[in-house]
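Q: Per this note's numbering: the sequence shown = residues 456 to 566. Beta carbons are placed, not taken as given, at the ideal position from N, Cα and C, and that holds for glycine. Remember, it's a predicted structure, so these values are computed and weren't measured experimentally.
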Amino acid sequence: LIVNKNSLSSKMQKLKMMLSLTFAKTIINFASNKVNLMDFVRFIDLPYTFCIVDGYRNIIDMSDTFTESFIIALSFNDKVVGEKYTKFFETLWKAGETNAPLNFLDLIKSS
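1) Pick from 519, 545, 511 and 515: whose alpha carbon is nearest that of residue 528?
2) Run through the DSSP bridge pairs and tell me what residue 479 is partnered with.
3) So for residue 543, helix, strand or coil by DSSP?
4) Taking the continuous beta strand (DSSP E) assigned at residue 520, which residues delimit it?
5) Assuming the contact rule is C-beta atoms closer than 8 Å, residue 517 and residue 540 should be a hit. Round their C-beta distance to whole Å, please.
6) How about residue 552 and residue 499: do their beta carbons lie closer than 9 Å?
7) Please classify residue 573: is it buried, with 16 or more other beta-carbons within 10 angstroms of its beta-carbon, or exposed?
8) Could you name the residues of the same chain whose beta carbon sits closer than 7 Å to that of residue 519, not counting the 5 residues immediately before and after it, in chain order?
9) Please report how far the alpha carbon of residue 506 lies from the alpha carbon of residue 534, in whole angstroms.
10) Determine the direct distance from the alpha carbon of residue 511 to that of residue 544, and round the result to whole angstroms.
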């Protein structure tokens, strides 16, 4: 899960992220000592939102950059596009950072 730093600017966006199914599953696994949260969450400035479903199906979200409101989502069924987006995701992941709240959760877990 890569979280856009800019999308966390509002309290509502933070709440949306915390209520997402992926985030909830990760927290449950984290609390039960199954995973290290740092292995699953990174924070970075995203140029746009995208989703790689299975390496073939890809979804790109186009939003208004000024109001951050949704405009349209595009879906591509293409393996080459999937490979490019997978590489892009991996580049973003490596450049992403963990966040202080996640470090705090790790401290609580280890004590």
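A: Once the coordinates are examined:
1) Within the sequence shown, the letter at position 73 stands for residue 528. When only C-alpha atoms are compared, the closest one is 515.
2) Stepping through the sequence shown from its first residue, residue 479 is reached at position 24. In DSSP, residue 479 forms no bridge with anything.
3) Residue 543 sits at position 88 when you count from the first residue of the sequence shown. Note: residue 543 maps to helix in three-state DSSP.
4) For the purposes of this step, residue 520 is taken as the residue at position 65 of the sequence shown. Taken as a continuous stretch (DSSP letters only), residue 520 belongs to no beta strand (DSSP E), as it is neither H nor E.
5) Position 62 of the sequence shown, counting from 1, holds the residue named residue 517. Position 85 of the sequence shown, counting from 1, holds the residue named residue 540. With a Cβ gap of about 15 Å, residue 517 and residue 540 do not count as contacting.
6) Here residue 552 is taken as the residue at index 97 of the sequence shown, counted from 1. Here residue 499 is taken as the residue at index 44 of the sequence shown, counted from 1. Against a cut-off of 9 Å, the Cβ pair of residue 499 and residue 552 comes out as a contact.
7) Because the chain is modelled from 456 through 566, residue 573 falls outside the range shown and cannot be assessed.
8) On the sequence shown, position 64 is the one that residue 519 refers to. Cβ within range, chain order: 526.
9) The residue given as residue 506 occupies position 51 in the sequence shown. The residue given as residue 534 occupies position 79 in the sequence shown. When rounded, the distance between both Cα atoms is 14 Å.
10) Taking the first residue of the sequence shown as 1, we reach residue 544 at position 89. Taking the first residue of the sequence shown as 1, we reach residue 511 at position 56. So the two alpha carbons sit approximately 14 Å from each other.
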